[in-house]
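Sequential numbering of the sequence shown, starting at 1050, is according to our numbering.
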Amino acid sequence: MLPFTVCPVGDTGLLASFEQRIAQSVGAAVAALNTRVAAAAIPGVVETVPAFASLLIFYDPLVTEYDAVADAVQKLAQAPSSDTAAEEGRLVEIPVCYGGAFGPDLPFVAEHAGLTEKEVIELHAGREYRIYMLGFLPGFPYLGGLDERLFTPRLASPRTAIPAGSVGIGGEQTGVYPIASPGGWQLIGRTPLKLFDPSAGRLPYAAGDRIRFCPITQDEFDAIAQKEGTV
């Protein structure tokens, strides 16, 4: 496992910080440490929050203390590695209908990249993306691994309303909006899946998992949307 440092966060948290950069190796290390902490069931630990290059660990100060948690986490990092599955994460496939009304910014992304819209779709759907963290709104996955040719600046003026399921590109990252929200990313498509159900509080993915976007037609989109209740 990659080296990291620990420091207290208030009186109920510990932050394990890796090298501060967005990279596959760092994301895999965060996922592996998160899995080890969960499996260890450290007394008093109540929640973990993975991010790009760190893992925030919350604990109950009535049950344990910072030094005890820090010592336990450091010992977990020194244990023999068996984190292949954790580093890989689950693979979640998300169907996406690209372009048209679902992806109004696809033409701009293509022009900015000097590619055709078809080439942008092939590049975007042609690889797997690591979920580095969830944030900004419930279930929004910040994904690493976008092809450099598709790096595109965010909108100069964010939209006030983006439909749930919209897939976008913002700078060096891509992601999907699980619920309707304002946002400034370039929209290139939309999934008909209901990614976040507030009543159930569940998601089909978690930080550390991988996502692959699968192109579908308008008819396929409509059929899935009817089944999912996202029409």
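From the three backbone atoms N, C-alpha and C, an ideal C-beta is built for every residue, glycine too.
All figures in this text were calculated on a predicted structure; none of them were measured in a lab.
Cβ-based burial, residue i [other Cβ within 10 Å; buried from 16]
i, result
"Ala1249", "exposed"
"Thr1240", "buried"
"Cys1263", "exposed"
"Asp1258", "buried"
"Leu1242", "buried"
"Cys1146", "buried"
"Ala1081", "buried"
"Arg1139", "exposed"
"Pro1227", "buried"
"Ser1206", "exposed"
"Phe1189", "buried"
Beta-carbon separation (whole angstroms), residue i vs residue j, contact threshold 8 Å
i, j, result
"Asp1358", "Leu1244", "Since the first residue shown for the chain is 1050 and the last is 1280, residue 1358 is missing from the structure and cannot be characterised."
"Leu1204", "Gly1163", "No, Leu1204 and Gly1163 are not in contact; Cβ-Cβ is about 20 Å, not under 8 Å."
"Ala1256", "Leu1186", "Not confirmed; about 15 Å, so no contact."
"Leu1051", "Val1086", "Going by Cβ atoms, the distance from Leu1051 to Val1086 rounds to 15 Å, so no, they are not a contact pair."
Limits of the beta strand (DSSP E) - the one that residue i falls within
i, result
"Ala1065", "Gly1062 to Ser1066"
"Ile1211", "Arg1208 to Ile1211"
"Tyr1178", "Tyr1178 to Leu1183"
"Tyr1115", "No beta strand (DSSP E) contains Tyr1115, which is instead part of the alpha helix (DSSP H) from Tyr1115 to Gln1127."
"Val1169", "Note, Val1169: premise wrong, no beta strand (DSSP E); alpha helix (DSSP H) at Glu1166 to Ala1174."
"Gly1149", "From DSSP, Gly1149 is part of no beta strand (DSSP E); its letter is neither H nor E."
"Pro1231", "Ser1230 to Gly1232"
"Gln1235", "Gln1235 to Arg1239"
"Leu1306", "Absent from the model: residue 1306. The displayed extent of the chain is 1050 to 1280, so no value can be given."
"Val1216", "Ser1215 to Gly1219"
Three-way DSSP call (helix, strand, coil) for residue i in this model
i, result
"Phe1262", "strand"
"Val1075", "helix"
"Arg1198", "helix"
"Leu1244", "coil"
"Ala1009", "Here the chain covers residues 1050 to 1280 and nothing more, so residue 1009 does not appear."
"Arg1203", "coil"
"Leu1192", "strand"
"Phe1053", "coil"
"Arg1085", "helix"
Unbroken alpha helix (DSSP H) run spanning residue i, endpoints
i, result
"Leu1155", "Leu1155 to Ala1162"
"Val1225", "Taken as a continuous stretch (DSSP letters only), Val1225 belongs to no alpha helix (DSSP H), being part of the beta strand (DSSP E) at Gln1222 to Val1225."
"Gln1267", "Gln1267 to Glu1277"
Exercise. Check whether the segment 1103-1110 touches the segment 1058-1076, taking contact to mean three or more Cβ pairs, one atom from each stretch, closer than 8 Å.
Key: yes
Quiz item: On the three-pair Cβ rule with 8 Å, is the segment 1117-1127 touching the segment 1067-1075?
Solution: no
Quiz item: Just checking, does the segment 1167-1178 make contact with the segment 1191-1207 on the three C-beta pairs under 8 Å criterion?
Solution: yes
Quiz item: Are at least three pairs of beta-carbons, each pair with one atom in the segment 1216-1227 and one in the segment 1087-1103, less than 8 Å apart?
Solution: no
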